[in-house]
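Residue numbers (this note's numbering), protein chains in the order written: chain A, 1 to 328; chain B, 1 to 330.
Beta carbons are placed, not taken as given, at the ideal position from N, Cα and C, and that holds for glycine.
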Amino acid sequence: MSSLPRIARALRRTVLQAIPTVIGIVILNFFLLQLAPGDAADAMAAEAGSATEETMAAMRERFGLNLPMLDQLLTYLNNLAHFSLGYSPRYSMPVSDLIGQRLPGTLTLMAMALAIALLIGLTLGSLMAAFAGRLPDRLISIFSLLFYSVPGFWIGLMLIVLFSVTLGWLPSGGSGTIGSDLSGWAGIVDKARYMVLPATSLALFYVAIYARLTRAAMLEVRNQDFVRTAYAKGLSPAVVTVKHILRNALIPITTMAGMHVGGMLGGAVVVETVYSWPGLGRLAFEAVMGRDYTVLLGILLLSSLLVILANAVVDILQTWLDPRIGEL
Amino acid sequence: MSTTDLNAPAIALAGARQGAARPEASALPEWHNVRAPDARTTLTAAVTVPPGRRELRIFFSNPNALFGVTFLSIMVLMSIFAPLISPGDPLNMVTTPFLWPGQDAAYPLGTDAMGRDVLAGIVHGSRISLFVGLAATALGLTVGVVVGAVAGYFGGWVDDVLVRIIEIFQTLPNFVLLVVLVAIAQPSALTVTVAIAIVSWPMVARLTRAEFRAIRAKDYVMAARSLGFGCARIIFTEILPNALPPLIVTASVMVASAILMESALSFMGLGDPNVVSWGSMIGSGRELVRTAWYLTALPGLAIVFTVLALNLIGDGLNDALNPRFSEERS
């Protein structure tokens, strides 16, 4: 009814809380950049292939690398305020453009993985809760623990062996058929075929978490009074499970899903290198290989901001889902 | 607190039996409702349970946890005796390349593209995985406990500052930060260990802080304070032992995730270049996954089973130390 002011209050609180964190992350980022071996002048001199002491000194002068650290920090902050993350000599383009190019790929991969993880995790968790303590529960619980223990990059390679090499059903890497100009439905199917394996490899770990979480939350909700009331009204067990138990068990799961954005970004780094998926993770890997620290720290900064954004979205979503949150 | 929870049913049974045998003893106050909190404390006051014994029994009666302990012990023994099991440098070329597992009895798990023994690699690789896993956990746990204890015990502005720092580290995506740290510090066993500790301490600190805040308000802490105990003594001898159960469970899961992180790093070529590790074996086998998939499958299985064993131990410890959750399970 009057949910709007409540949500506005939650939004204000979230933003106020995020500000010191953002400042802290930016400063940490700057010092990490300072710690990195070699500065931008070294990197550019290496790219150019020839540089004398004098040109290096001139370059440092020009980019302000010989200024005191505090001045450099101010310059860095000033650049950030203009959304400039620096310049990558390797790709000879600004880091923010480079990241902007790769971000959509990673975001779609993460969204797909999250969807898969939630779908399978909720299903398995509900099954486990329905058969709590019996054989299906034990079996699924062992499987979910197995998923939890498998490194994403390894299961990625094994899925390639099974589905691309042996069975030949799905492509082993890339993000679309090269040189094809498919559009509409055929284009979507083509994209999805390339996305299934990476998204599954990324999702498996989270399937396990959501399954266990759903199970625990459902068992907790199951014993509450309103569930007994629902049964007493004569509702069928299926309706009670889906509409009363699962729905209330969803709240802790949305919290966790928001917290997993950072973890998924990290997982994407590895999975993208396995499937040569053109995303942030692959860019991070290339930056590591080329010792391109400006790009690497740009990715770190941007992905932290992404995590803060995701947490804010979850906060707001929960305020909207559960009227009891944010009353005060 | 946890001891009373689990013992209550057993004592209730004993009480019921006594009541049936001596119905005339109703002059004594008899608690019919043993679930009432005061009844529980009176009933359990006389029962002394040696600390840790019951938890150990529950832990070792859990088949999953036993499997985990057994497998992990084998792995630890293997890593200790690696030079005896497969002497020589595992990075040396020993025979013809691309022997499949089972093709040559001398090399039961086959050889890779350079003619190196896969079994020797797995045996020696266990050293770096377990070392990094245990050392990073020990380091992360120490830092996390100290920070969390200080924040939770003192509160006030110290707490505010530390919570901010924890929050910053928790916002940075763990694995991305790990890659950045290792890339900047140049990969070696030591830097990988320290970097994993840096990304994993905030979780411990958060947990410790929450425990300390809850325990700080208890009567026995107040008693210790009124006796004039120093802060350090209260933190380490009064509060910490009571905050341990969740920390022990977390430690086993931390070792598992440290091993996973180390393997992912060395898979990406960010491991110690002079040591063979499971992740780097998968990384080098990756190019040949179409023809010789056993080169990636076998070291991967070693990772999966080691991590699974640790997670099973963590689950078993959780059941034994936090009975509240195990009641929900059964």
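Contact under 8 Å by Cβ, residue i with residue j
{"i": "A284 of chain A", "j": "I299 of chain A", "result": "yes"}
{"i": "G281 of chain A", "j": "E272 of chain A", "result": "yes"}
{"i": "L260 of chain B", "j": "P187 of chain B", "result": "no"}
{"i": "L170 of chain A", "j": "L197 of chain A", "result": "yes"}
{"i": "V304 of chain B", "j": "V150 of chain A", "result": "yes"}
{"i": "V289 of chain B", "j": "I160 of chain A", "result": "yes"}
{"i": "L321 of chain B", "j": "V249 of chain B", "result": "yes"}
{"i": "Y293 of chain A", "j": "I168 of chain B", "result": "no"}
{"i": "L127 of chain A", "j": "I116 of chain A", "result": "no"}
{"i": "I7 of chain A", "j": "L302 of chain A", "result": "no"}
{"i": "F147 of chain A", "j": "V274 of chain A", "result": "no"}
{"i": "G314 of chain B", "j": "D112 of chain B", "result": "no"}
{"i": "S144 of chain A", "j": "A249 of chain A", "result": "no"}
Min CB distance residue i to chain A below 8 Å
{"i": "T70 of chain B", "result": "no"}
{"i": "E167 of chain B", "result": "yes"}
{"i": "M254 of chain B", "result": "no"}
{"i": "S280 of chain B", "result": "no"}
{"i": "L368 of chain B", "result": "As displayed, chain B neither begins before 1 nor continues past 330, which places residue 368 of chain B out of reach and without an answer."}
{"i": "I234 of chain B", "result": "no"}
{"i": "M75 of chain B", "result": "no"}
{"i": "G121 of chain B", "result": "no"}
{"i": "F131 of chain B", "result": "no"}
{"i": "P90 of chain B", "result": "no"}
{"i": "G110 of chain B", "result": "no"}
{"i": "V304 of chain B", "result": "yes"}
{"i": "L260 of chain B", "result": "yes"}
{"i": "L288 of chain B", "result": "no"}
{"i": "P273 of chain B", "result": "no"}
{"i": "V161 of chain B", "result": "no"}
{"i": "P173 of chain B", "result": "yes"}
{"i": "A264 of chain B", "result": "yes"}
{"i": "T267 of chain B", "result": "As written in the sequence, residue 267 of chain B is Phe, which differs from the Thr given in the question. F267 of chain B counts as touching chain A."}
{"i": "L333 of chain B", "result": "The displayed coordinates of chain B run from 1 to 330. Any statement about residue 333 of chain B would go beyond what the structure contains."}
Cβ-Cβ separation, residue j to residue i (assumed contact under 8 Å), whole Å
{"i": "L162 of chain B", "j": "V147 of chain B", "result": "6 Å"}
{"i": "R257 of chain B", "j": "G279 of chain B", "result": "Checking the sequence shown, residue 257 of chain B turns out to be Ser, not Arg. Contact flag wrong, Cβ pair sits at about 14 Å."}
{"i": "A268 of chain A", "j": "L202 of chain A", "result": "6 Å"}
{"i": "L247 of chain B", "j": "L207 of chain B", "result": "7 Å"}
{"i": "D225 of chain A", "j": "T14 of chain A", "result": "Their Cβ separation, rounded to whole angstroms, is 32 Å, which puts D225 of chain A and T14 of chain A out of contact at 8 Å."}
{"i": "G279 of chain A", "j": "G105 of chain A", "result": "4 Å"}
{"i": "L139 of chain B", "j": "V179 of chain B", "result": "In fact, because the Cβ distance is near 19 Å, the residues do not count as touching under 8 Å."}
{"i": "N174 of chain B", "j": "G263 of chain A", "result": "6 Å"}
Min CB distance residue i to chain B below 8 Å
{"i": "L235 of chain A", "result": "no"}
{"i": "F30 of chain A", "result": "no"}
{"i": "T52 of chain A", "result": "no"}
{"i": "L73 of chain A", "result": "no"}
{"i": "L309 of chain A", "result": "no"}
{"i": "V189 of chain A", "result": "no"}
{"i": "G290 of chain A", "result": "no"}
{"i": "A100 of chain A", "result": "Position check: residue 100 of chain A holds Gly in this sequence, whereas Ala was assumed. It does not; no Cβ of chain B falls within 8 Å."}
{"i": "I140 of chain A", "result": "no"}
{"i": "M158 of chain A", "result": "yes"}
{"i": "T294 of chain A", "result": "no"}
{"i": "S96 of chain A", "result": "no"}
{"i": "W154 of chain A", "result": "yes"}
{"i": "V26 of chain A", "result": "no"}
{"i": "G263 of chain A", "result": "yes"}
Cβ-based neighbour list, residue i, same chain, cut-off 6 Å, excluding 5 preceding and 5 following
{"i": "Q170 of chain B", "result": "P202"}
{"i": "G121 of chain B", "result": "P90, V276 and M281"}
{"i": "F163 of chain A", "result": "W169 and L170"}
Nonlocal neighbours in the same chain, by C-beta distance under 7 Å from residue i, ignoring five residues either side
{"i": "A27 of chain B", "result": "Unreliable positioning characterises A27 of chain B in this predicted model, as indicated by a pLDDT of 49, which lies under 50. A coordinate reading is not provided."}
{"i": "R213 of chain B", "result": "G152"}
{"i": "L296 of chain A", "result": "A284, A287 and V288"}
{"i": "V240 of chain A", "result": "V227, A230 and Y231"}
Cut-off 8 Å between Cβ atoms - residues of its own chain near residue i, not counting five sequence neighbours on either side
{"i": "V221 of chain B", "result": "I215, I234, E238 and I239"}
{"i": "G300 of chain B", "result": "W278 and I282"}
{"i": "Q318 of chain A", "result": "I251, T254, T255 and I325"}
{"i": "L109 of chain A", "result": "M195, P198, A199, L202, A268, V271, E272, W277 and G279"}
Pick out the complete alpha helix (DSSP H) segments inside the segment 119-156 of chain B, 4 residues or longer, and give them in chain order.
Within the segment 119-156 of chain B, complete alpha helix (DSSP H) segments of at least 4 residues are not found at all.
For the segment 52-103 of chain A, which segments carrying the alpha helix (DSSP H) assignment without a break, of at least 4 residues, lie completely within its bounds, in sequence order?
Listed in chain order, the complete alpha helix (DSSP H) runs (minimum 4 residues) inside the segment 52-103 of chain A are 53-63 and 69-81.
List in chain order: all unbroken alpha helix (DSSP H) runs of 4+ residues lying wholly within the segment 129-179 of chain A.
Within the segment 129-179 of chain A, the complete alpha helix (DSSP H) runs of at least 4 residues are 135-149 and 152-159.
Report the start-end ranges of each alpha helix (DSSP H) in the segment 195-279 of chain B that is 4 residues or longer and not cut off at the edges.
As far as the segment 195-279 of chain B is concerned, its whole alpha helix (DSSP H) runs of at least 4 residues are 219-226 and 240-267.
Taking Cβ-Cβ distances below 7 Å as the criterion, which residues of the segment 184-213 of chain B are in contact with chain E?
Absent from the structure is chain E; the protein chains it does hold are A and B.
Restricting to runs no shorter than 4 residues, where is the alpha helix (DSSP H) found entirely within the segment 211-241 of chain A?
As far as the segment 211-241 of chain A is concerned, its whole alpha helix (DSSP H) runs of at least 4 residues are 225-232.
Scan the segment 247-271 of chain A and note each continuous alpha helix (DSSP H) run of 4 residues or more that stays entirely inside, going in chain order.
Entirely contained in the segment 247-271 of chain A, not one alpha helix (DSSP H) run reaches 4 residues.
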